[in-house]
Amino acid sequence: MKKIALIITIFLIVGGYLIIKNNDYDLKENPEDRTSFVKDFTGWLTNLGSNLKEVTGEATKQDWLPTEQSDNDTIK
4 MKKIALIITI FLIVGGYLII KNNDYDLKEN PEDRTSFVKD FTGWLTNLGS NLKEVTGEAT
64 KQDWLPTEQS DNDTIK
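Once you know that position 66 of the sequence shown is 69 in this note's numbering, the rest is easy, because the numbers rise by one and skip nothing.
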């Protein structure tokens with residue numbers, strides 16, 4: 004459980020870092036950049052949640068069990 008929490012934390016930190024670097028935000032000096040960062044980060048998290056919901060929904064629709072066959076085709 005600790006490993007999963009650590010992986011999620013690292014993922015969020017890296018995502019935040021990439022948002023800061025891609026948009027050249029100066030979080031120390033510019034309050035407008037802080038506001039923009041928070042908006043971008045929450046938007047990213049919202050999109051991430053939507054994408055996970057969509058992927059999970061598609062995964063649950065898949066037939067994951069093997070099909071049953073009346074004869075054993077593996078032995079010939």
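All residues carry an ideal CB built from backbone N, CA and C; glycine is no exception.
Item                                                                                                                                              : Value
Using 8 Å as the threshold, is the region 61-71 in touch with the region 33-47, meaning 3 or more CB pairs across them?                           : no
Would you kindly report the start and end of the unbroken alpha helix (DSSP H) that includes Asn50?                                               : 34-64
What residue from Pro69, Leu48, Ser53 has the CA that sits closest to Ile11's CA?                                                                 : Leu48
I'd like the list of long-range same chain contacts for Gly122, defined as Cβ closer than 8 Å, with 5 residues on each side in sequence excluded. : No answer is possible for residue 122: it lies beyond the span of the chain, which begins at 4 and ends at 79.
Under the three-state reduction of DSSP, which class applies to Leu30: helix, strand or coil?                                                     : coil
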